[in-house]
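Residues in the sequence shown are numbered consecutively from 48, following the numbering used here.
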Amino acid sequence: MADSFVHLHLHTEYSTLDGAVRCKEAAARAAELGMPAVAMTDHGNLYGAIEFYEAARKEGVKPILGCEIYLAPESMEHRQEIPGRKRATHLTLLAENNTGWENLVQLVSKGHLDGSYYGKPRVDLPLLREHAEGIICLSGCIAGPVNEWLLQKQPLQAREMLEELCEIFGRDNLYVELHDHGLEMQLEVKPQLIALAGELGLKLVAANDVHFLSRDDHDAHDVMICIGTGKLVFDEKRMRYPPEVYFKTAEEMREVFADVPEACDNTLEIAERCNVTLSLDATSSEKYPNFEAPGGMCRDDYIREQCFAGLEMRYGKEKASEDDELRKRLDYEIRTISDLGFSSYFLITADFINWAKENGIPVGPGRGSAAGSLVAYTLGITDICPMRFGLLFERFLNPERVSPPDVDIDFCQTRRPEVIDYVRRKYGERCVSHIITYGTLGAKSVIRDVARVMGVSYGEADMIAKMIEARPGVKLKEEYDSKAELRQTIEGNASYRELWDYATKLEGLTRNTGVHAAGVVIGDRPLDEHVPLSRGNEGEVVTQYDMGAITEVGLLKMDFLGLKNLTVIQEASEFIRSAIPDFEIHRVPLDDQPTFDLLNKGETMGVFQLESGGMTETCKRYGIRRIDDITDLLALYRPGAMQFIDEMIEVKEGRKEVTYEHPMLEQICGDTYGVMIYQEQVQNAAKLLAGYTLGGADILRRAMGKKKQSEMDKQRVTFVEGCKAENEIDSVLANRIFDKIASFAGYGFNKSHSACYAHISYWTAYLKANFPVEFMAALLSNEFSNTDKIGVFVSECHRMDIEILPPDLNRSQLRFAPEQLSSGKMAIRYGLAAIKNVGEGAMAQA
């Protein structure tokens, strides 16, 4: 024991703009130093608990889950200043066991939901008493409740506070926490704390309030503190941390506390006691809410009944009963879903989607890989026939590589909240929540942030930031290594060099929290029994775990996305129904020539995903003759894949012949003119040529997409051997085909997603081609607050020979609307809400 130590008070980056220790770094450093365990105690939150837990276990170090909570001086609901008291003091709480972890989650959640004051999620002593079981309490840093009284020369109150904590947690679960960074305040209270512990029979524990990894990180951490507090580094009156709050070695800690070695020994005692085991299984559906099937029917039986009823509705009674391929595919999907335990997932999803449809809320035809499922189609989750478009179930749910299904749903933007409210009502307010997101100090933003607090001018900071490529995932080191001009700029100025060094150390750290635009989690019980909760900027309840951690915990998450184009389609359809009552966009023909003519002429303004200048020109060159061409274009018009557009046009127009590495590839790529543009084509090629199952082919596709060499080498052997066994293809040719497929796989797009969005593109083009006044009125109405877009769309109306009538208090509606002229011609009346300085809110109150 005499040569080891465990850090029990440590702030990761999730103590936002205060802690600068990454979870993986904390775990790796503890392992490097031979420490048996390490704790995470962020300020008032458990944001990083799952990441920290997994990182520590991966390093062979025991994770100790804790939190430095904020304790209110009186009731957590009392939101007034108390003379002579701080708004909150700090207590270090550690979960000893799973009961303690559950109580810690409850404490932190209630602090965020009910106790927030000046941005601090406070708890109080009665709440601590209610949730004390299984928790080890350390008395806190210099900002702790005991030290608050000691620093005010009130030793009696300090003793009473310690006694109350002892009464709440029990003598064996309360330790008197000692810090020593050489600060005068710490030196003042340390002997008093030791004396109090002796008088009350409490044990001491040493801690270092770790905020950064090594002493060398102090200056960068200091800069980060300035970013968080909005101060300049040369401001002498600002908050500063001592350089000692780093991840010290056991030897360093024992040297600091040589006068009380037992305080270091007790860190090991506490570490030995703390044994929390989290149940993490992303493939489990145990925490999904149970869908209650009617009449007490088994969910697996109910989903089968509903799917075959949906099959008849989608395809007609005769085809549904006689098409063996259709029935076999549906049966296979149902069995797979049932065997994996995901029946509830599909029934829950179908329930709220069909509720939305029944209540007139527009729902997208599908999104992502879910459209590859016939079960999803028959349940009404998607509206794209996977058989017609050659979509694969295994791209969505692979029985050979189990991961939870992920159905993303587009709803009408304005009515999306109604669907979420329905889900809350059905499963319970406390069982449904939004999901948190974490903003980070990105490559460009960290340059500007660091420059600002260092006093570097905005112009200089902007000059450096603009040298960094604007793309997701860009890293400062990569940019520095690859760009000579950037290197010369940095190295040619000492201030820039210092700025750059700080920025590279801080890059990627958590900066702030937000609310995921679409993510919603649904639990089988109140969510604070599974995860800690918080509040977003608008007071909405959000999980403290992000999407990745929610998945690891095994909770059901959904993406409820708002898509403005669905609102436009809905409004246009309502205008049309005034003349054609039974008009329904889902029933329009998919081979409408005026629609294709409009696209081929490049009249794509307002057409979903086809209105950019480059895409408009591509439409004109490509020659769209069917909806599949739109599907192809949506997959092609992306970085990397765009290189194939010219080649496909040449083949499509008969100016170039396709040569295939093997004749069988024509079955795979014939429809896309010899180019493998879809991920599903990679799967089909592996199945046809090398005998892969579609599930196995999906694993191959993933390996090719990620370009992991070790996995690619394994797959190459399987592919080459399969080609020989299945089709007598020699190894030289098989290797060449593998390389060819791998080159395409890097650009391949999800056909299911492309086919779904091609339908929205087609529908908007169909409306513009066949009902131009109604479509443009709806388009204008959905941009009434954007004067620039209003101007552009009004100009487009003029080009289309559609008259825009001026606002009229007697004739205008709130939004733009079609209006028939005396000549019988249709025009658009200007909406009152679009008048500058008026707006929809003002008109609604008028």
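Glycine included, every Cβ here is placed at the ideal spot set by N, Cα and C.
* **Candidates Ala397, Leu394, Asp398, Phe440: closest to Ser416 by CA position** => Phe440
* In or out: Met286 buried (at least 16 other Cβ within 10 Å) or exposed? -> exposed
* State the Cα-Cα distance for the pair Glu866 and Gln656, rounded to the nearest angstrom. => 29 Å
* **Whether Val454 touches Met605 by CB criterion (8 Å)** => yes
* Asked: Taking Cβ positions, are Leu712 and Ala732 nearer each other than 8 Å?
  -> yes
* Straight-line CA distance for Arg435 to Ile384? -> 22 Å
* Distance, Leu154 Cα to Ala142 Cα -> 12 Å
* Going by DSSP, which residues form a beta bridge with Lys109? -> Ala84
* Report the rounded CA-to-CA distance for Ser51 versus Asn144, giving the unit in angstroms. => 23 Å
* Asked: When the distance is taken between beta carbons, is Pro336 closer than 8 Å to Asp571?
  -> yes
* **For Tyr469, three-class secondary structure by DSSP** => helix
* Report the partner residues of Cys459 according to the DSSP bridge assignment. => Leu610
* Asked: Comparing the C-beta of His563 with each C-beta of chain C, is any distance below 8 Å?
  -> In the displayed structure, chain C is absent; only one protein chain is listed.
* Asked: Among Glu708, Arg672, Met723, which one has its Cα closest to the Cα of Ile692?
  -> Met723
* Report the rounded CA-to-CA distance for Tyr804 versus Arg783, giving the unit in angstroms. => 34 Å
* Asked: Per DSSP, Asn559 forms a beta bridge with which residues?
  -> Gly486
* Going by other Cβ atoms of all chains shown within 10 Å of its Cβ, with 16 needed for buried, is Ala541 buried or exposed? -> exposed
* What's the C-alpha gap between Asp848 and Lys872? -> 11 Å
* Cβ-Cβ separation, Glu224 to Thr139 (assumed contact under 8 Å), whole Å -> 6 Å
* **Uninterrupted alpha helix (DSSP H) stretches inside the segment 252-333 (no shorter than 4 residues)** => 265-276, 297-303, 308-320
* Rounded to whole angstroms, what's the CA-CA distance from Gly561 to Gln690? Just pull it up for me. => 37 Å
* Identify every residue that forms a DSSP beta bridge with Lys524. => Answer by DSSP bridge pairing: none, since Lys524 is not bridged.
* Asked: Apart from the five residues just before and just after Glu380, which ones in its own chain have a Cβ nearer than 7 Å to its Cβ?
  -> Ser420, Leu421, Val422, Phe440
* Could you give the residue range of the beta strand (DSSP E) that holds Lys167? -> 167-170
* Would you say the segment 765-785 touches the segment 470-486, given that touching needs at least three Cβ pairs under 8 Å? -> no
* Asked: Quick one: is Met823 buried, meaning 16 or more other Cβ sit within 10 Å of its Cβ, or exposed?
  -> buried
* Tell me, please, which residues DSSP counts as bridged to Met873. => Gln867
* **Rounded C-alpha distance that separates Gly601 from Ser326** => 9 Å
* Starting from Ala142, follow the beta strand (DSSP E) in both directions and report where the run begins and ends. => 136-142
* Consult DSSP for Val722 and reduce its assignment to one of helix, strand or coil. => coil
* To do: Measure the C-alpha to C-alpha separation of Ile395 and Pro433 and round it to an integer number of angstroms.
  => 21 Å
* To do: Could you name the residues that DSSP lists as bridge partners for Phe796?
  => Tyr725
* Given Tyr61, which residues of its chain have a CB within under 7 Å of its CB, disregarding the five upstream and five downstream residues? -> Asp89, Asn92, Tyr94, Gly95, Thr557
* Could you check what DSSP says for His54 in three-state terms: helix, strand or coil? => coil
* To do: Can you grab the Cα-Cα spacing for the pair Thr136 / Cys188, in whole Å?
  => 9 Å
* Using three-state DSSP, classify Gly566 as helix, strand or coil. => strand
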